[in-house]
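See below for the structure under consideration.
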Amino acid sequence: MIFTRWSAKLPGTQRRTAQRADRAAPPAGPAAPTPSAAPEPDAPPAASGTGSVPAARAEPATADAPAPAPVPPTVDALSVHDILGTIPALVAVVYGPEHRIAYVNGAYAGVFGPRPAGHTAREALPELAELGLIPLMDQVLRSGKPRTVKSRRVPGGAGADHTRDGYYTFTCTPIEVAASGPAPDPEVACIAPHKGVLVFGADVTDQVESAERLRASEARQREAAVTLQRSLLPQELEQPDDLRVAATYQPGGTDAAVGGDWYDVITLGAGRTALVIGDVMGRGVRAAAVMGQLRTAVRAYARLDLPPHEVLQLLDGLAAEIDASQIATCVYAVHDPNEGRLVYSSAGHLPILVRDADGTVHRAAEPTGPPLGTGGWLHTSGSVPLGPGCSAVLYTDGLVERRDKDIDDGVEALEAAFAGASGAPDIVCDRLLRSLGITAAHDDDVAILVLQHPERTGHDAELFHNAALELHGGTEAAPRARAFASGVLASWRFSPELHDLGVLAASELVANSLQHGTPPMRLRLRRTDRRLIIEVTDGDDHLPRRRRAEPADEAGRGISIVATIASSWGSRRTPGGGKAVWCEFALPRG
């Protein structure tokens, strides 16, 4: 093998370029080494000591060749002072158990003013004490673990003009302050390593203000939702003559979603009262809208004076038409003071609780049917005694249902609370809420309806009277009924005008029953502190209606006369067949 040696001489072009570079270089300083060149392919052969070989030629160097990139400085070469000074957050460095100031950056000085180094935090950083950070810094020094406090208010700490309060989240981090060497002022110099704390304050003013605006907006929305819900409930409960009634509604949770709980009290006439409570499952405006429609429908159906199970049967079909996806429960009950009973029907609702005069509490037994809107079910009615001295409570599941307990436990707790809750109905409502732990933070809506049938004694008892006459025989029963009505009204010391109107109404109702009804027949007169009630019952279930009588007609004017002279009148079918026709006269106040 033949080994050759390339010439170290530069070709002509490269040599001339190198000479120009040498002339352009400054004369002072060490000479730069000549870079090695690559062989140029077209160069002619050059002579060497061992023979003639092709000369090595380099690529021509151009004047605009890019300069080598500068090497970035390492982290060790960066100035911590300059870095912290450019951070917009508040930075303060303290050392030692007294938290002497080692450094504060420009952002900190811009908010709190400049702080002299070497002084203790309690002397020169009073803002940290006001923010409660001094004890936190002590903990950081002892434990060696960082601590954070969020959203501390700094008066005048926001904005370029500092006209509004700022909010900062402060993080205290343990550090070690290295020795800085001697200095003219021994209070400033840190001549030995010390453990310290870096206080870092991040400006969260915008976030806090946004959160406050969001909370205010949610509060307004919730207030509007609750206002909507309450507007769909009775603004003022009707107060029957024979019952004392109170109700309460408490919205659940803190969000803007409203619930579908509702209650109502409806006077039916003849001293009878309908009591309703219901719950549309779910939350939101849709649930409230369904609730409003159901409540309106219940009032309309109640005017028909139907038995409770028939009202729920009608309501069941309507609920399916309103929204088949919404499920609602409901209890519809009717109190009749003449019978001393509460007749009710339930559509999937919780049982009514009744407290007897002796304080014993028991649940109203079945019947109960499925919730409204399910269809295909025949509801039935039941009854429970509710005479003088008795009370009852109707409620929604928010009162007794808890996530971690069975609902029967909640009903039992309500029974115990109801047994010991005395006082007026509104006081009983409040005591039940407190006994079952219902607060403003409760997560479900709660509706309670409490009714009491008080025992009346003394002068109050003199304002409530009942009198009844069984009507036997044929047309001869009419004069007996007029005589009976006249004697009773006279004993109740009514005015002559009201006495005559009462006798006329009783006579017309009895005549209508004798002509169109069947036995058994009965005339009942009832007086309360506010009205006179006259009622006639018979065995025929055909309900009379008011019609215009022609001049030549000999009949058909009885109901029109009653409707004209009385404050109100009505008719209904009675349990077991038959009907009752009644009218009322309002008594003068005082």
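Note that the working numbering gives residue 1723 to position 226 of the sequence shown, counting from 1, and the numbers run on in steps of one.
Virtual Cβ for every residue (Gly too), placed ideally from N, Cα, C.
Alpha carbon to alpha carbon, how far is residue i from residue j?
i, j, result
"glutamate 1735", "alanine 1743", "9 Å"
"valine 1831", "threonine 2015", "26 Å"
"glutamate 2081", "alanine 1767", "7 Å"
"proline 2072", "asparagine 1963", "21 Å"
"leucine 1933", "aspartate 1662", "43 Å"
"leucine 1638", "proline 1671", "6 Å"
"proline 1523", "glycine 1582", "Low local confidence applies: a pLDDT of 47 at proline 1523 is under 50, so the model's placement there is unreliable, with the coordinate-based value given in what follows. If you take the alpha carbons of proline 1523 and glycine 1582, they lie about 41 Å apart."
"leucine 1803", "arginine 2086", "31 Å"
"alanine 1708", "threonine 1770", "49 Å"
"arginine 1852", "leucine 1772", "17 Å"
"serine 2133", "leucine 1946", "Absent from the structure is residue 2133, since the part of the chain shown begins at 1498 and ends at 2087."
"leucine 1812", "arginine 1990", "44 Å"
"alanine 1797", "arginine 2027", "24 Å"
"threonine 1617", "proline 1565", "51 Å"
"glycine 1866", "isoleucine 1774", "15 Å"
"alanine 2077", "alanine 1937", "47 Å"
"serine 2010", "leucine 2020", "10 Å"
"isoleucine 1580", "glycine 1693", "19 Å"
"arginine 2070", "alanine 2002", "20 Å"
"valine 1591", "glycine 1629", "16 Å"
"aspartate 1940", "aspartate 1894", "12 Å"
"isoleucine 2030", "glutamate 1715", "52 Å"
"glutamate 1836", "glutamate 1912", "25 Å"
"glutamate 2005", "alanine 1844", "40 Å"
"valine 1908", "arginine 1899", "11 Å"
Ends of the alpha helix (DSSP H) at residue i?
i, result
"histidine 2013", "1993-2013"
"valine 1988", "The residue asked about is misnamed: residue 1988 is serine in this sequence, not valine. 1974-1988 is the span of the alpha helix (DSSP H), which, as asked, contains serine 1988."
"threonine 2061", "2055-2062"
"arginine 1741", "Run containing arginine 1741: none in the alpha helix (DSSP H); it sits in the beta strand (DSSP E), 1741-1747."
"leucine 1929", "1922-1932"
By the three-class DSSP mapping on this structure, what secondary structure does residue i have?
i, result
"phenylalanine 1961", "coil"
"proline 1882", "strand"
"leucine 1702", "Here residue 1702 turns out to be threonine, not leucine, going by the sequence shown. Residue state, collapsed to three classes: helix."
"histidine 1691", "strand"
"proline 1671", "strand"
"leucine 2084", "coil"
"serine 1549", "Here serine 1549 scores only 44 on pLDDT, less than 50, and its place in the model should not be relied on; the value that follows carries that caveat. It is a strand residue."
"glutamate 1709", "helix"
"alanine 1655", "strand"
"glycine 1593", "coil"
"threonine 1954", "coil"
"glycine 1814", "helix"
"arginine 2021", "strand"
"serine 1822", "coil"
"serine 1576", "coil"
"valine 2088", "Absent from the structure is residue 2088, since the part of the chain shown begins at 1498 and ends at 2087."
"threonine 1936", "coil"
"leucine 1809", "helix"
"arginine 1661", "strand"
"arginine 1719", "helix"
"glutamine 1949", "strand"
"threonine 1645", "strand"
"glycine 1757", "strand"
"arginine 1650", "strand"
My guess is that residue i and residue j are in contact by the Cβ rule of under 8 Å, so how many angstroms apart are they, rounded?
i, j, result
"valine 1470", "leucine 1850", "Summary: the structure shown does not reach residue 1470, with the chain confined to residues 1498 through 2087, and so no result is reported for it."
"glycine 1756", "arginine 1780", "5 Å"
"glycine 1873", "alanine 1862", "About 23 Å; that fails the 8 Å criterion."
"phenylalanine 1915", "valine 1858", "5 Å"
"valine 1696", "threonine 1666", "About 11 Å; that fails the 8 Å criterion."
"arginine 1710", "cysteine 1669", "Contact flag wrong, Cβ pair sits at about 30 Å."
"alanine 1825", "aspartate 1901", "At roughly 26 Å, the Cβ-Cβ gap does not stay under 8 Å, so alanine 1825 and aspartate 1901 are not in contact."
"glutamine 1747", "leucine 1930", "7 Å"
"arginine 2043", "isoleucine 2062", "Incorrect: roughly 13 Å between the Cβ atoms, too far for contact."
"tyrosine 1841", "proline 1805", "6 Å"
"aspartate 1942", "aspartate 1739", "Between aspartate 1739 and aspartate 1942 the Cβ distance is about 30 Å, and since that is not below 8 Å, they are no contact."
"arginine 1838", "leucine 1883", "6 Å"
"leucine 1815", "alanine 1794", "5 Å"
Between which two residues does the beta strand (DSSP E) holding residue i run?
i, result
"glycine 2067", "2065-2070"
"proline 1867", "From DSSP, proline 1867 is part of no beta strand (DSSP E); its letter is neither H nor E."
"leucine 1839", "1838-1844"
"histidine 1859", "1858-1860"
"valine 2033", "2028-2035"
"leucine 1911", "Careful: leucine 1911 lies outside any beta strand (DSSP E), inside the alpha helix (DSSP H) at 1904-1917."
"leucine 1730", "Where leucine 1730 is concerned, there is no enclosing beta strand (DSSP E), given that its DSSP letter is neither H nor E."
"arginine 1852", "1850-1852"
query = If you scan the region 1760-1805 from start to end, which runs of the beta strand (DSSP E) of 3 or more residues do you find wholly inside it?
reply = 1769-1777
key: Runs of alpha helix (DSSP H) lying entirely within the region 1591-1634, each at least 4 residues, in chain order   = 1603-1609, 1618-1621 and 1623-1627
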